[in-house]
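Written out below as structure tokens is the structure these notes cover.
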Amino acid sequence: MTCRKFYVSRCRLFSIFGSILILVILVVIVSMSVQHGDNTPTTTKGTTTNLKTIVIERCRDYIRTVPQMSSNNCDAIWEAFQNSFLGKDPCNVKVEDYDLFITTVQQDIPCNKSLFWSKTSQIAHDFAKATKCLMTLEDTLLGYMMDGLKWCGQQHSKELNYTSCPGWIECEFNPVRSFWRRASAHFAELACGNVLVMLNGSIDTPFNKQSIFGSVEIKRFDSEKINYISIRVIDSLQDRVSCNSMSLEDLGKILKNASLNFDCKDIDKSEVERCINDPIPYSCDCVNWK
Numbered sequence: 001m002t003c004r005k006f007y008v009s010r011c012r013l014f015s016i017f018g019s020i021l022i023l024v025i026l027v028v029i030v031s032m033s034v035q036h037g038d039n040t041p042t043t044t045k046g047t048t049t050n051l052k053t054i055v056i057e058r059c060r061d062y063i064r065t066v067p068q069m070s071s072n073n074c075d076a077i078w079e080a081f082q083n084s085f086l087g088k089d090p091c092n093v094k095v096e097d098y099d100l101f102i103t104t105v106q107q108d109i110p111c112n113k114s115l116f117w118s119k120t121s122q123i124a125h126d127f128a129k130a131t132k133c134l135m136t137l138e139d140t141l142l143g144y145m146m147d148g149l150k151w152c153g154q155q156h157s158k159e160l161n162y163t164s165c166p167g168w169i170e171c172e173f174n175p176v177r178s179f180w181r182r183a184s185a186h187f188a189e190l191a192c193g194n195v196l197v198m199l200n201g202s203i204d205t206p207f208n209k210q211s212i213f214g215s216v217e218i219k220r221f222d223s224e225k226i227n228y229i230s231i232r233v234i235d236s237l238q239d240r241v242s243c244n245s246m247s248l249e250d251l252g253k254i255l256k257n258a259s260l261n262f263d264c265k266d267i268d269k270s271e272v273e274r275c276i277n278d279p280i281p282y283s284c285d286c287v288n289w290k
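Structure representation (structure tokens):
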């Protein structure tokens, strides 16, 4: 009888522990469903944490590196930036909403220094950094401050939205996309002298009319300020789309109609990489790329 009572007690004990374990599992499942069951139609998370600190510190860092930019006030720049989108529907921030922000940042781009790119981001930026004679948009104060960041606000609120922001393709007038379109237009308007363009020859359409270069920048080129546009199609021998491709012929027609002088050359990717790794040889001089 004593043994039977002992086993009955153990059974009851296991039953209690089992019930508690099941309850814990259910709580965990419910918790996970709350955390991962967000069905909001956003494709990215919210505003970058510490956005204000990052932007202002990048601004000050840039000015320390480029002393001739010292006339810029980083606090005023931040105010102009946040006023461009705060309090607005994050899917209805227009390109022109950034006009004041763009004009608050004072920077001239020297002639013969502008480098534009499409689908060649990494190699174009590496080339500019190595040769030190060209500037991409991301090398300007505007681009340097905002590169890689996300931001948005909420309608009728002056607070940043750290929960969810629309992705690049989710809505046409999202804050990040509108900014880069406005900044790209501004960068193209400042281009003068000889201009270099790097396109990706390893894809079917090196020139895409829907890209920022094709839909924004090329339309802002001023034939009275630009002497020559050097188009360099970066590719590899294994997978090459040349200057004779249909998309590049379309690009040529657009430039001709805009009275812009240009040439197009195919450049093997390995040649660019050699210049990135050792920019000293004469063949890597920016003059020879134009």
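Numbering-wise (the UniProt record's numbering), the sequence shown opens with residue 1 and increments by one.
In this text, a Cβ means the ideal position worked out from N, Cα and C, and glycines have one as well.
For residue i: DSSP bridge partner residues
i	result
residue 232	198 and 265
residue 210	None, per the DSSP bridge assignment.
residue 92	173
residue 296	What is shown of the chain runs 1 to 290, which leaves residue 296 out entirely.
residue 45	164
Opening and closing residue of the alpha helix (DSSP H) in which residue i lies
i	result
residue 247	246-257
residue 129	121-131
residue 178	175-190
residue 101	99-104
residue 141	141-146
Start-to-end residues for the beta strand (DSSP E) that takes in residue i
i	result
residue 117	115-118
Assigned secondary structure, residue i (DSSP; H/G/I helix, E/B strand, else coil)
i	result
residue 82	helix
residue 37	Reliability of the predicted coordinates at residue 37 is poor, the pLDDT of 32 falling under 50, and no value is obtained from them.
residue 157	strand
residue 270	helix
residue 17	Since pLDDT at residue 17 reaches only 42, below the 50 mark, its modelled position is unreliable, and no value is offered.
residue 152	coil
Any non-hydrogen atom of the ligand HEM within 8 Å of residue i CB
i	result
residue 182	This structure lacks the ligand HEM, and indeed carries no ligand of any kind.
Original post:
Can you list the alpha helix (DSSP H) stretches of 4 or more residues lying completely in the stretch 49-74, in chain order?
Top reply: Along the stretch 49-74, the alpha helix (DSSP H) occurs as fully enclosed runs of 4 or more residues at 51-65, listed in sequence order.
**OP:** Would you check if there are 3 or more beta carbon pairs closer than 8 Å linking the stretch 56-68 to the stretch 165-185?
**Re:** No, because fewer than three Cβ pairs between the stretch 56-68 and the stretch 165-185 fall closer than 8 Å, the two stretches do not touch.
Original post:
Contact between the stretch 205-216 and the stretch 127-136: three or more CB pairs below 8 Å?
Top reply: Using a Cβ-Cβ distance cut-off of 8 Å, the stretch 205-216 and the stretch 127-136 are not in contact, since fewer than three pairs of beta carbons, one from each stretch, lie closer than that value.
**OP:** Report yes or no: do three or more beta-carbon pairs, one from the stretch 107-120 and one from the stretch 174-182, lie closer than 8 Å?
**Re:** The answer is no - the stretch 174-182 does not touch the stretch 107-120, with fewer than three Cβ pairs under 8 Å.
Subject >> the stretch 148-164 touching the stretch 85-102, judged by at least three CB pairs closer than 8 Å >> reply: Touching, per the Cβ criterion.
Original post:
Three or more beta-carbon pairs under 8 Å between the stretch 185-198 and the stretch 132-152, yes or no?
Top reply: Output reads yes: the stretch 132-152 touches the stretch 185-198.
Subject >> Three CB pairs or more closer than 8 Å across the stretch 220-231 and the stretch 266-276 >> reply: Not touching, per the Cβ criterion.
**OP:** Would you check if the stretch 148-155 and the stretch 191-207 touch, i.e. whether three or more CB-CB distances between them fall below 8 Å?
**Re:** Under the 8 Å Cβ criterion, the stretch 191-207 does not count as touching the stretch 148-155, having fewer than three qualifying pairs.
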